[in-house]
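Position 258 of the sequence shown, counted from 1, bears residue number 258 in the working numbering, the numbering being contiguous throughout. The structure appears right after this line, and notes come after that.
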Amino acid sequence: MDFLDVFFVWLGAAVVVFYGIKMSSFVKMFHPRFWFPQPASFFKSMGEWAVVTGGSDGIGRAYSFELARRGLNVVILSRTKDKLHRVALEIEESTGQKVKVIVANFTEDDIYDQIEEKLKGLNIGVLVNNVGTLPSYIPSKFLQTEDLTQQIAQVINCNVKALVKMCKIFLPGMEMRRKGVILNLSSGIACVPCPMYTMYSSSKVFVERFSQGLQAEYKEKGIVIQAVAPFGVSTAMIGYQRPNMVTLTAEDFVRTSLEYLKVGDKTYGGICHTVLGWLVQTVPKKILHSDRMQDSFLEYVKKR
């Protein structure tokens, strides 16, 4: 065989191996408990306490309950005091675990010294950076966002700065103990540039890149750091859409996503959202970013 024959044989073999590995990874997603097993005491072995930002509602509330069911005491943080205390009481009564409440508005800058002081001395093994905000529930073009200057500050503070500052507070203790889990909530729409949600989806790209880089830096220290990128979850952020095969309840999503903790530095949290992520990335950008697609997406969201 001449050089070109050899080249194409090896190229073909490389393609087969590449897609074989991809298919193998996909098949494993159907049976996470078999391929990515966790002992029942896994989360409890990380430490006595879990910290959940945005823990009074939606996905954060579901994480708070689920981690308490798995034997952890929980610290929940959000800006609504009454809702926090109500959720804390529900968790304590249903699980028997301790719950600590901290009122914190993550759209503000000067809250982190207070948070660190209130949590000093706690053995924190799990951090869930869940808190996040949308510039607008109805998608809009960047310059059409109401109160744009204020929304820029709030999105950066809540979706970006809060994540980094909370990791700065708790990562040193995990590094010293050589164990811990940090879950950073991204979004499925971060997998492609997303017009009409440009600022929000871009902030979630930061979540993914920061998480993946941090995991590379600290995985040898025994710390698991993962970006969790759901698509539809029935929460206030999407107007509590009726759950179906793709739009999950917060409780179902959290329970399922925790089974994929050892799958890698990013997970969509379930097989349906994984398939959806792959499908979205196959759509040509010319179609995805067309004016017609943007108008159709806006009408769809308004109706839902």
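Quick reminder that beta carbons are idealized off the backbone N, C-alpha and C, glycines included. Note that the structure is a prediction, hence the values are computed from the model and not measured.
Of the listed residues the options, nearest to residue i (C-alpha basis)
i	options	result
Y200	T80, L67, V87, I138	I138
A229	M196, S203, L185	L185
Q212	T247, G232, K266	K266
R86	F65, F106, V246	F65
Q215	V205, W35, A227	A227
F206	L171, K161, W35	K161
L279	F231, Y197, W49, V126	F231
I102	K285, F34, S78	S78
E217	L276, I111, E175, Q154	E175
E259	S202, R209, L183, M237	L183
K262	I223, S296, G132, E208	I223
P125	A68, S140, K141	First, the amino acid is wrong: residue 125 is Gly here, not Pro. When each option's Cα is compared against that of G125, the closest is A68.
L119	I91, T95, M166	M166
V233	G47, G54, I59, P37	I59
I189	L276, T95, E116, N105	L276
N73	T80, I115, W49	W49
K302	S257, I238, Q151, Y268	I238
M46	R177, G12, Q294	R177
Q151	L122, S203, R255	S203
E108	V131, L298, F34, E117	V131
T133	F36, S187, V155	V155
V51	F36, K98, T80	K98
K219	G264, N244, L248	G264
C-alpha gap between residue i and residue j, whole angstroms
i	j	result
A250	K44	22 Å
D235	P32	According to the sequence shown, residue 235 is Thr rather than Asp. Their backbone Cα atoms lie some 25 Å apart in a straight line.
V128	G71	16 Å
G180	D82	30 Å
L84	I225	26 Å
C272	V246	6 Å
T282	A88	43 Å
K100	I76	6 Å
F170	K221	14 Å
R242	W10	50 Å
K141	L163	25 Å
Q38	F30	16 Å
Y240	N159	21 Å
T95	Y63	13 Å
F106	I115	11 Å
S41	F253	21 Å
Y268	R209	15 Å
D110	E90	30 Å
T149	A104	22 Å
T256	C191	20 Å
L122	G55	18 Å
K285	S187	19 Å
Y112	E146	28 Å
E117	A153	25 Å
L298	F36	39 Å
T80	L248	25 Å
F34	D295	43 Å
N157	G12	48 Å
Cross-strand partners of residue i (DSSP beta bridge)
i	result
L77	T53, I102
V126	A50, V181
T249	S234
A216	DSSP output for A216 lists no bridge partner at all.
V224	V181
K120	Per DSSP, none; premise fails for K120.
T267	V228
Residue environment, residue i, which counts as buried when at least 16 other CB atoms sit within 10 Å
i	result
G270	buried
P172	exposed
E93	exposed
D57	buried
R61	buried
L143	exposed
Y300	exposed
P135	buried
T53	buried
T274	buried
Practice item. May I ask you to verify whether the region 279 to 291 touches the region 191 to 199, counting CB pairs closer than 8 Å and requiring at least 3? Key: yes
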